[in-house]
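All remarks here apply to the structure that follows.
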Amino acid sequence: MPKKYHIKPKPTPNRFVPPRKYVIIEQDQYCLHCPTNACIKKDCPYDVYTQRRFDSAELRDIIDYFCKGCFRCIQGCKNNALSRTLNPEYLVLGDEYWTPEIITSAYNQSETGKIPVSGAGYGGPFTGEGFDSMWTDMSEIVRPTRDGIHGREYIATNIDLGKKLSLLEFDNEGGLISEPPPLIDLPMPIIFNPLPFGVLNQEVALAMAKSAKILDTFMIINESKLSRQLIPYQNHLIPLTNKVIEDKISGFRMVEFFDCNDVLALIEAARAINPKIVTLIRLRLDNGVVARVLELTKGGAEVIHLCADEKGKELDATNPQRDKTRFIKEIIREVHLSLIEQSLRDKVTLIVSGGIADSSHLAKAILSGVDGAAIDLPLLVALECRLCRNCKEGLPCPVKLETVDAEWAAQRMVNLMNAWHSQLIEVMGAMGIREARRLRGEFGRVMNFTDLEEECWK
Amino acid sequence: MEIKWTPSRFRNLISKYILKRGSACIKCGICVKTCQFGVHKIYSAGPSRPKDALCIGDACLDKCIDKCPEDALTMKLNPAFESLGDFRWAPDLILSTWYQAETGKIPPGHLEYKTGASGGGFDKLELVFPKEIDEIPEEEITTTIPLNRRDEERYKVEIDVPWYGGGMSFGSTALNVMIARAKASKTANTFTSTGEGGYPDALIPYDDHIITQIATGLFGVREETIQRVRIVEFKYAQGAKPGLGGHLLGEKVTPEVAKMREAVVGSSLFSPFPFHSVYSIEDHKKHVDWIKEINPKGLVSVKVSTPTDVDMVAIGSYYAGAHIVHLDGSYGGTGAAPNIAKKNIAMPIEYAIPKVHKFLCEEGVRDKITLIASGGIRSAYDVAKAIALGADGCVIGTAELIALECVKCGNCESGRGCVRGIATTDPELSKMIDTGWATQRLINLYSSWRTQLVGILKRLGMRSIKELVGRRDCLRHLDYQ
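Protein sequence lines, in the order shown, are assigned to chains A and B.
Using the working numbering, the first residue of the first sequence is number 1, and each one after it goes up by one.
Using the working numbering, the first residue of the second sequence is number 1, and each one after it goes up by one.
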């Protein structure tokens with residue numbers, strides 16, 4: 001059995017007060033000014049009104065941060081002076097894909113490193129777009145589950161990055177002739193993708209590198225951004241480039257090339273410099289992706305990194321009908337199945353990025369057919385990014401990303417990844433799957449909204 | 001079941017609309033005369049603040065705001081109302097459940113009391129009523145269902161309403177709530193379940209209406225608790241956290257809870273998953289046999305969640321000797337569950353019921369086993385729809401808690417538990433619930449639901465709820481049909 005993978009979370013408080021779903025309304029015109037000890041606010045079971053303070057950094061009252069929405073003050077006030085409403089600041093957070101729930105949940109996970117647990121049944125919509133239209137399976141009685149989360153059984157989340165041999169050849173004496181290609185054992189099916197926006201200063205890059213090292217995973221970084229400061233972490237860096245640069249190859253364990261006509265030649269050249277290196281090809285997820293993956297795999301590609309847009313949609317500039325663009329779940333499935341059809345699936349490792357917003361997406365992407373995922377925006381959200389994209393327009397960052405401390409930021413990312421890792425184990429345990437490698441393309445453990453509706457109603 | 005008016009425990013009700021009287025009011029009293037609901041009152045000292053909670057707002061045909069000669073009245077949706085609940089338990093559904101628990105009557109027209117707003121499942125299904133039917137007197141319509149359909153020398157249990165209460169453990173819910181549920185079940189001649197946290201002595205007077213649960217943690221399971229009851233339930237899985245064991249976070253493990261569960265005070269309890277003694281249907285049979293041996297007259301219910309092969313699990317349970325297969329769909333309630341599990345794992349009950357019903361029919365055993373559905377049954381209409389999809393009856397949980405004024409804030413698991421006194425074992429907080437009050441609220445809700453079911457059956461021209469089982473032709477999917 002491999003050494004157990006263990007991440008150490010550490011409480012790492014938010015620097016800014018995150019928006020809550022509700023705001024308390026205090027209607028002063030109705031306040032009867034009861035004596036202090038008779039005021040309902042004194043009876044708040046969560047001591048919201050006594051904990052409230054004026055935040056000098058944000059210049060506002062942060063009472064809503066403490067409120068848990070029990071309605072006791074609203075229903076108890078002698079003159080009905082209190083009320084609440086949905087918080088517009090919360091509602092405008094993110095967009096229809098990166099929902100306020102996903103973002104605020106990531107803040108909590110980055111703060112505590114724990115799995116979000118709550119009471120009461122699920123209150124969201126019945127189904128939704130993209131990953132929300134699938135449910136993962138569970139096992140009971142006839143197919144036992146695995147009790148992984150509390151460490152009572154071991155669930156491995158490792159995946160292998162690289163090319164695998166389809167068979168081994170031996171000589172007459174029984175000695176191995178085949179030379180196994182280099183393979184990287186990733187303890188969790190996640191690597192870090194370059195951040196698409198945000199205040200991308202040295203501290204943030206350093207934090208990503210630090211957390212990649214702590215988590216024993218990798219961070220893809222544009223070779224032009226590789227500073228001397230990051231060199232101590234080079235075992236956990238993947239330079240991203242479009243040409244073979246010797247010092248970006250030797251000393252590194254992996255390198256990523258942008259897809260281009262001669263990308264396979266680049267891989268050969270890289271291997272000539274560093275035979276141990278594992279190469280990734282960064283491929284745009286568009287109409288031609290299936291053909292290109294097959295072509296590259298046949299040509300000897302080791303790891304193919306499929307890049308969708310931020311919302312997990314295919315990138316296709318030629319398609320004017322934006323709503324017709326497909327979601328990664330469907331494309332991954334198609335790629336995976338066509339590789340299987342040609343008996344090529346085990347030769348190549350597939351990584352997907354774009355649209356992996358929470359831990360359930362990770363599990364569902366793997367179930368749809370990739371080996372692992374590269375994530376970017378969740379790491380930014382771990383640093384309290386509000387996804388407002390002000391920085392893209394040169395406007396100031398509401399959470400002052402430029403002032404983050406690398407240690408704090410690294411721990412936030414580690415915390416988030418710990419929570420994701422634990423949740424991946426929860427989902428796998430419920431399915432009775434003990435290896436992330438076996439999760440790949442397990443369509444039998446997936447229930448799709450459209451299939452179920454079809455079965456049930458049509 | 002006797003209905004008694006049982007008002008809210010709280011001073012202020014959450015109303016759907018807010019009515020405001022401005023300073024232009026000339027105290028003419030037209031609004032008092034116009035409103036049939038008693039929203040307006042004028043005393044000698046002047047007009048009172050309008051009682052918004054009684055106002056039916058947009059559904060009102062004769063509006064005070066239109067009649068006011070000085071335009072002094074304004075009406076708008078209450079922002080607090082809009083912020084209540086969620087997609088499944090829409091604000092309307094919560095308020096209408098409160099209304100039913102208070103009055104025992106069907107809610108007035110301004111509240112959507114039949115469905116939620118989740119945009120799928122029950123919320124997309126509609127009952128279809130025939131245009132012409134034979135008029136059946138209400139007294140002749142029965143909602144009784146049998147729970148033992150096997151030819152065995154065991155209790156011939158029948159329940160008068162096609163639902164019973166789901167498992168809520170001592171530890172997750174307050175003892176007063178458990179007692180109230182038991183009392184209400186006794187009054188309605190149905191059952192409630194202890195959940196997996198042991199069998200508190202205070203429930204002994206209601207033994208005949210209690211289902212005791214054996215879950216993976218085996219907390220408080222003893223021979224005498226199994227022998228005491230008419231139905232024993234094996235909880236293999238729970239819809240809110242399918243594939244995961246029960247969660248009771250440390251702060252809720254008070255000395256009493258710890259004693260009952262033979263655990264350590266303040267230490268979180270995570271039940272194992274699965275039963276480490278059951279890895280096959282044969283093992284499962286051994287489990288069922290064990291209970292049948294200990295309680296020679298008792299029935300065995302098997303509570304399972306909804307994996308893709310839920311039909312296989314159900315048929316296996318039948319052959320293992322179970323009397324009831326209880327399917328708990330993925331959107332079911334919980335005292336504490338990982339959010340990822342609540343949302344993503346296992347299929348909603350709306351798909352599982354027809355799948356299992358069909359399979360049991362094909363295997364020729366459907367009339368030998370009772371199929372019970374839960375996990376998202378929020379209203380009498382949900383019960384009717386679940387039965388039309390193929391269940392014999394339902395299990396309800398969250399609806400009962402909403403009747404006790406749960407606001408679905410979702411903080412049951414943290415700290416001392418529910419600060420509205422429902423899902424807590426904190427000595428101070430649990431005092432907030434009076435057993436008598438809670439019992440009557442539940443009876444009122446049951447009563448209203450039963451009235452609605454009888455009304456539905458009458459409109460369908462059916463004499464018994466049993467006739468509705470599997471009648472897919474009585475349902476219409478709003479998107480496809």
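Ideal placement from N, C-alpha and C gives every residue a C-beta, glycine not left out.
When we look at the beta-carbon of residue i and count the other beta-carbons within 10 Å, is it buried (16 or more) or exposed?
i: Cys-260/A; result: exposed
i: Asp-464/A; result: A question about residue 464/A goes unanswered here, because the residues of chain A that appear run from 1 up to 458.
i: Tyr-351/B; result: buried
i: Asp-346/A; result: exposed
i: His-40/B; result: buried
i: His-209/B; result: buried
i: Ser-44/B; result: exposed
i: Val-265/B; result: exposed
i: Asp-371/A; result: buried
i: Asn-344/B; result: buried
i: Val-92/A; result: exposed
i: Arg-282/A; result: buried
i: Arg-20/A; result: buried
Can you list, in chain order, the residues of its chain with a C-beta nearer than 8 angstroms to that of residue i? Leave out the 5 residues immediately preceding and following it.
i: Ala-202/B; result: Leu-175, Met-178, Ile-179
i: Glu-140/B; result: Arg-463
Taking only three categories from DSSP, how would you classify residue i?
i: Arg-471/B; result: coil
i: Ile-375/A; result: strand
i: Ala-336/B; result: coil
i: Cys-31/B; result: helix
i: Glu-101/A; result: helix
i: Gly-393/B; result: strand
i: Thr-241/A; result: strand
i: Met-188/A; result: coil
i: Lys-235/B; result: strand
i: Thr-212/B; result: strand
i: Arg-228/A; result: helix
i: Lys-67/B; result: helix
i: Trp-135/A; result: strand
i: Ser-193/B; result: strand
i: Ile-94/B; result: helix
i: Lys-68/A; result: coil
i: Arg-53/A; result: coil
i: Gly-198/B; result: coil
i: Ser-185/B; result: helix
i: His-336/A; result: helix
i: Ala-156/A; result: strand
i: Met-75/B; result: strand
Keeping to the same chain, check which residues put their C-beta closer than 7 angstroms to that of residue i; ignore five residues upstream and five downstream.
i: Cys-385/A; result: Gly-198, Val-399, Leu-401
i: Ile-422/B; result: Thr-173, Ala-174, Val-177, Leu-401, Leu-404, Cys-406, Ile-433
i: Gly-429/A; result: Thr-145, Arg-146, Asp-147, Gly-148, Ile-149, Ile-155
i: Ala-380/B; result: Trp-449, Gln-452, Leu-453
i: Arg-261/B; result: Gly-171, Gly-197, Gly-198, Phe-219, Gly-220, Leu-269
i: Gly-251/A; result: Gln-234
Can you name, in chain order, every residue of its own chain whose Cβ lies under 6 angstroms from the Cβ of residue i, other than the five neighbours on each side?
i: Val-257/B; result: Gly-171, Thr-425
i: Gln-27/A; result: Ala-81
i: Met-413/A; result: Ser-211, Leu-379, Ala-382
i: Glu-70/B; result: Ala-24, Ile-26
i: Lys-4/B; result: Gln-440
Q.
What ranges does the beta strand (DSSP E) occupy inside the region 246-333 of chain A, keeping only unbroken runs of at least 3 residues that lie completely in it?
A. Runs of beta strand (DSSP E) with 3 or more residues, each lying fully within the region 246-333 of chain A, are found at 254-258, 278-284, 303-307, listed in chain order.
Q) On the three-pair Cβ rule with 8 angstroms, is the region 338-351 of chain A touching the region 294-306 of chain A? A) In short, these stretches touch, since the Cβ pair count reaches three.
Q) Is it true that the region 434-442 of chain B meets the region 114-123 of chain B, where meeting means three or more beta-carbon pairs spaced less than 8 angstroms apart? A) Judged by Cβ distances under 8 angstroms, the region 434-442 of chain B makes no contact with the region 114-123 of chain B, as fewer than three pairs qualify.
Q.
Quick check on the DSSP output: what are the complete beta strand (DSSP E) runs of length 3 or more inside the region 123-179 of chain B, in order along the chain?
A. Entirely contained in the region 123-179 of chain B, the beta strand (DSSP E) runs reaching 3 residues are, in chain order, 125-127, 163-165.
Q | At least three beta-carbon pairs within less than 8 angstroms, the region 363-374 of chain A to the region 323-337 of chain A | A | Taking a contact to require three or more Cβ pairs closer than 8 angstroms, the region 363-374 of chain A and the region 323-337 of chain A qualify as touching.
Q) Is the region 280-300 of chain B touching the region 247-254 of chain B, taking contact as three or more C-beta pairs under 8 angstroms? A) Short answer: they don't touch.
**Q.** Entirely enclosed beta strand (DSSP E) segments - the region 417-480 of chain B, minimum 3 residues
**A.** Listed in chain order, the complete beta strand (DSSP E) runs (minimum 3 residues) inside the region 417-480 of chain B are 475-477.
Q. Do three or more CB pairs link the region 423-441 of chain A to the region 15-35 of chain A at distances below 8 angstroms?
A. Taking 8 angstroms as the limit for Cβ pairs, the verdict is that the region 15-35 of chain A does not touch the region 423-441 of chain A.
(Q) For the region 294-307 of chain B against the region 139-154 of chain B, do three or more pairs of beta-carbon atoms, one drawn from each stretch, fall closer than 8 angstroms, so that the two count as touching? (A) Counting C-beta pairs closer than 8 angstroms gives three or more between the region 294-307 of chain B and the region 139-154 of chain B, which meets the contact rule.
Q: Check whether the region 88-101 of chain B touches the region 105-118 of chain A, taking contact to mean three or more Cβ pairs, one atom from each stretch, closer than 8 angstroms.
A: Not touching, per the Cβ criterion.
Q) Would the region 236-243 of chain B and the region 121-141 of chain A be scored as touching if the rule is three or more Cβ pairs under 8 angstroms? A) At 8 angstroms Cβ cutoff, the stretches touch.
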